[in-house]
Amino acid sequence: MAIPIAVPRLGWSTEEALFTGWLKEDGAPVRAGEPLYVLETDKASQEVECLDAGTLNILAGGPKAGDKVLVGALIGYLLQPGEVVPSSAPLVVSAREGKPAPAVVATFAAPEPERSRIAISPRALRIAAELGVDWTRIEGSGRDGRIVERDVRAALERGGKPGAGSVRRVIAERLSRSARTTVPVTLVTTADASPLAGIRRRLKESDGPDAPGYTDLVVKLVAEALCRHPALNARWEGDGVVLQEGIHIGVAVDTEAGLLVPVIRNVPELTVRQVAAASRDLAARARRRALRPEEMQGGTFTVSNLGAFAIDAFTPVINLPECAVLGMGRIERRPVAEGDAIVIREQLTLSLTFDHRIVDGAPAARFLGELAALIRGPGAALGL
Amino acid sequence: MQATLEALTEEMARDPAIFVLGEGIGKRGGNFRTTAGLYERYGPLRLCDTPICERGFVGLACGAAMAGARPVVDFMFVDFVLDALGEIFNQIAKVQYMSGGRLRMPVLLRGCIGVGHSAATHHSGSYHPLFAHIPGLRVAVPSNPADAKGLLRHALRGHDPVVFLEHRELLGVKGPVPEGDWEIPFGRAAVVRPGKDVTVVALSLMVRHALAACAALEKEGISVELIDPRTVAPLDVDTVLASVRKTGRLLIVDEAFGPFGLGSEIAAQVAERGLDQLDAPIRRLHGAHAPTPYSPPLEAAVAPTAKTVERAIRDLLED
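Protein chains in written order, with my numbering: chain L, 7 to 390; chain S, 577 to 895.
So this is what it looks like as C-alpha cells:
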C-alpha cells in the first residue's frame, strides 16, 4: 500500500509550518531515516526524516518552498514497486502567504457550523411527553437556557389560552400539511336515523347518564362499514397505499386549548358500551390535558360530530395520515316522502371527506352508502 | 458519646462475649470517654488496654471473633485504623466468605472522624468511602445521639464486621435518646426534614450544617428535603430516589474527599435508576481533596459549612 507522507506536529501547539523544500527529487528512491524535506516553525527549521522506504511521489499541486502547510496535511506518498498513487489523493497545501486561500486540505474536515441544540432536563423531557407539550418551542429558564420542569408546566398553562399555546401550533401545522398534501373530496348524504334514535332512547332509559351517545353508536357502525370496505381503512405512507389491519377510530374533542383527537383502539372488538366508556375517558382526559401522546396516535379513521352546534353538513379535514374523516351533523326531525305519504323522520346528515390519492369516488360513495344503510338498520352491528 | 456508652454498657451486661480493645480505653475510660466507667464495672479482662500497635490488636480481634468473642476495637481516631487495613480488608472482611459462613466476624471497629479543632491531617480523616468500597464490611456514620445509640446496638448484635465512625465535633452534641432496647437497622436512611424543591443528602456533621442551611432558606420559601443515610454500607438509595422523584434536584454533602466517594456513588445510582426524574445536574459538595491543614483559617476553608451548603443549594436551584 502506498505510504502517505503527512506533515508532523513538531511542537506541542504547532498547527502549521512553513515548507521550505524537498530534499529528494520526485521519483527518487528513499531509505528509512533519510531526510526528506525541511519544515520551519516559529522556533526552528527542521529536516524531517523519512520513516519508511520507497519511491518518493510528490503530490502534484503539493507544497512548494515558502508554502504554509497544516499539521496532518498530506504532501506525498512513498510507493513500493508496482504501486500507484491512490486516485483520490487529496490536495493539501494551504496558501502561500498573501494569496487568497485555495480550496484546501482534505485531511481536515471543515468545521461544522455549530448546531443549535435545545437543552432540556431529562425530567422536563419526560413531563413534556406525558403532557403532550411541544418543548422545542419553549424558552428554558435553567442555567444556559436549559428547559426545566417549571418551563414545561408554564408552557402548558399558557397553552390553555387561545392562540398562544403549543396545541394551536401543532394543529396549525398538521392541518396545513393535510391541506397541502391530500386531495380531499367531500361526499354528503342524509341517513334516516329514526331507528338509531330509538336505540339511543332505550339506552338512556337503561344506562342513565353513562348511556352511549350518538357518536359512540356511529363510531361502532363506522367500524362495521370499514370492515366491509377496507379500502378506506388505509394510509398513504411514503409513496404508496398501506391498508391498515386494526380499526382505530379517532374522535374529535373540542377542548379549551384546541381540537384534540384521541383514538379508540380496536373498535370492532369493543361493545358499544365499551366504546362509550373509552370515549368518555379519553374526552375527559383530553379536556384535562392528561392524554399521553400515543393515545392521540395510530388512528385509521376519524369521526367529528358538530351536531350539537346545529350544523348539518360540513367539509371535515383529513387527519393525516388517515384516508378519510366522517362529519356528523345534527339529528333533526324532518318531513320525508315515504311512498306517496309525507312522514316525520329523524334525519342525520353525513359528510365524508376522503383522500382521492388513496381511494376513488365510487368506493368512497359505496362506503358512505353502506354506513347510511347501517344507520337506517343497525341490526346486529351494534350488538344490542 | 453518652448515647453510645449507654448502648455499649447495656450490651456488655447482656452479652459476656463483648470486650473492648484499644489505647487508653481501660482505667482512663477512653480518650473521648467512649468507655468511661466500664473498667470499674467489667474489669481488665473485658477492657484491654493495648500498646500502640494497631495491626497487632486488630489481628487479635479477628482471631477472637473467629473463636466466638465479640471484640470492640476503639481506635480513638480512625486515621490510626489505617495501620491495620491489611487485617481489616484481607481478613476481617473476608473470613465469613472464605469459611462459607461457618465463621462469624462480629467485630466492631470504632473511631472518630472529621475536621476540627486544628487536629491537622493525621487526626482529621473521614474514611467511610474506603471501608464502604470493600465487600463484607458494614459502615455506620451517625449524625445524632439517638441514631448513634440505635446503630451501635444493632452493630453489637449482628454477625458482620462494622466500622462505626463518629464525627469528633458531634461527640458533645446533646439530643433526646430513647431508653431501653433502642435499635436501628442498617440500610435505612432517615428523612430528617421533608421538603419539595430540592433533595439534600448529608452525612454525619454535615446533617447539622445542612439543617442550618435549610432553616435559612426556609425563610425565603425554599423547601429542602434533607436525608441522612446513617449507614454508608449498606446504602439506602431508594429513599433518595423517592425524594428525587418529588424534587427533581439532588445535592450530596459529605466532608470526606469527593473522588470515588459517597456523592459519586449516590449520583451514579440515581442517574442509573432515575435519570428522567432529574431536572438538573446532580451536585456534590465534599471536603477539599487535600491533606487537612493545621492552620485554623485554612482548616475552616477545607470542610463544608452551613454557609457553603446553603450556597450549593442556591446554586443547584439556579440550574
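In this text, a Cβ means the ideal position worked out from N, Cα and C, and glycines have one as well.
Within 10 angstroms of the Cβ of residue i, are there 16 or more other Cβ atoms? Answer buried if so, exposed if not.
i	result
L/P108	Unreliable positioning characterises L/P108 in this predicted model, as indicated by a pLDDT of 39, which lies under 50. A coordinate reading is not provided.
L/P168	Caution applies to L/P168, whose pLDDT of 37 falls short of 50 and renders its modelled position unreliable; the value that the coordinates give is listed next. Exposed, because fewer than 16 other Cβ atoms sit within 10 Å of the Cβ of L/P168.
L/K226	buried
L/E346	It should be noted that the sequence gives Asp, not Glu, for residue 346 of chain L. That one is exposed.
S/I664	buried
L/P117	With a pLDDT of 46 at L/P117, under the threshold of 50, the predicted position of this residue should be treated as unreliable, though the coordinate-derived value follows. Looking at its Cβ environment, which holds fewer than 16 other Cβ atoms inside 10 Å, L/P117 is exposed.
L/D361	buried
S/C629	exposed
L/G104	Model confidence at L/G104 stands at a pLDDT of 41, short of 50, so the residue's coordinates are unreliable and nothing is read from them.
L/G264	buried
L/E352	buried
S/V770	A small fix is needed here, since residue 770 of chain S is Pro in this sequence, not Val. Classification for S/P770: exposed.
S/N666	exposed
L/N239	buried
L/N272	exposed
L/E230	buried
S/G756	exposed
S/K883	exposed
S/K772	exposed
S/Q853	buried
At least one CB of chain S closer than 7 Å to the CB of residue i: is that the case?
i	result
L/E155	yes
L/P215	no
L/P299	no
L/S310	no
L/R132	yes
L/L162	no
L/G146	no
L/V110	Legend: pLDDT at L/V110 = 38, less than 50; position of this residue unreliable, value from coordinates given subsequently. By this cut-off, L/V110 is not an interface position.
L/P41	no
L/R159	no
L/P14	no
L/R183	no
L/R241	no
L/R129	yes
I want to see whether chain L comes within less than 7 Å of residue i, judged by CB atoms only; does it?
i	result
S/E894	yes
S/Q853	yes
S/I889	no
S/G771	no
S/G662	no
S/G602	no
S/G824	yes
Can you name, in chain order, every residue of its own chain whose Cβ lies under 6 Å from the Cβ of residue i, other than the five neighbours on each side?
i	result
L/D157	I144, G146 and S147
L/I133	E155 and V158
L/D198	R351 and R382
L/E21	V77
L/W28	Y43
Skipping 5 residues on each side, what residues in its chain have a beta carbon closer than 7 Å to that of residue i?
i	result
S/L691	It should be noted that the sequence gives Val, not Leu, for residue 691 of chain S. Excluding positions up to five away in sequence, the list reads S700, E831, G863, T868, E875, V878 and A879.
L/L16	A23, L45, T47 and Q52
S/P805	A765, V777, L779, L811 and D812
Going by beta carbon distance, what residues of the same chain come within less than 8 Å of residue i, once the five residues before and after it are set aside?
i	result
S/A843	L826, I828, I858 and R860
S/M652	G598, E599, G600, G606, N607, F608, G687 and C688
L/R37	C56 and A59
S/V749	N720, P721 and R784
* Asked: Got a sec: which bits of the region 789 to 821 of chain S sit with their beta carbon under 8 Å from any beta carbon on chain C, in order along the chain?
  -> The chain inventory of the structure shown lacks chain C, comprising the protein chains L and S.
* To do: Entirely within the region 784 to 854 of chain S and at least 3 residues each: give me those beta strand (DSSP E) ranges in chain order.
  => 800 to 804, 807 to 809 and 826 to 833
* Is the region 774 to 792 of chain S touching the region 635 to 646 of chain S, taking contact as three or more C-beta pairs under 8 Å? -> no
* To do: For the region 590 to 678 of chain S, list the beta strand (DSSP E) runs that are entirely contained and at least 3 residues long, ordered along the chain.
  => 594 to 598, 623 to 625 and 646 to 653
* Would you be able to state if there are at least three C-beta pairs under 8 Å between the region 623 to 631 of chain S and the region 597 to 612 of chain S? => yes
* Taking 8 Å as the threshold, find out whether the region 44 to 62 of chain L comes into contact with the region 7 to 26 of chain L through three or more Cβ pairs. => yes
* Any chance you could list the beta strand (DSSP E) runs of at least 3 consecutive residues sitting entirely within the region 726 to 792 of chain S, in chain order? => 738 to 743, 766 to 769 and 774 to 778
* Asked: With contact counted as at least three CB pairs below 8 Å, one residue from each stretch, are the region 276 to 291 of chain L and the region 143 to 151 of chain L in contact?
  -> no
* **Three-pair Cβ contact test at 8 Å for the region 309 to 319 of chain L versus the region 206 to 226 of chain L** => yes
* Report yes or no: do the region 369 to 385 of chain L and the region 693 to 702 of chain S share at least 3 C-beta pairs separated by less than 8 Å? => no
* For the 8 Å Cβ check, are there 3 or more pairs between the region 190 to 199 of chain L and the region 239 to 251 of chain L? -> no
* Indicate whether the contact test is met: 3 or more Cβ pairs, each with one atom in the region 729 to 739 of chain S and one in the region 766 to 774 of chain S, closer than 8 Å. => no
* alpha helix (DSSP H) runs wholly inside the region 262 to 322 of chain L, at least 4 long, in chain order -> 278 to 294
* Complete beta strand (DSSP E) runs within the region 320 to 369 of chain L (minimum length 3 residues, chain order) -> 330 to 344 and 347 to 361
* Counting pairs of beta carbons, one from the region 787 to 802 of chain S and one from the region 753 to 762 of chain S, are three or more of them closer than 8 Å? -> no
* Asked: Taking one C-beta from the region 707 to 715 of chain S and one from the region 805 to 816 of chain S each time, how about it: are there three or more such pairs within less than 8 Å?
  -> yes
* To do: Spell out a yes or no on whether the region 319 to 335 of chain L and the region 293 to 303 of chain L are touching, meaning 3 or more CB-CB pairs, one atom from each, closer than 8 Å.
  => no
* Asked: In chain order, which alpha helix (DSSP H) runs of at least 4 residues are fully inside the region 687 to 728 of chain S?
  -> 704 to 708
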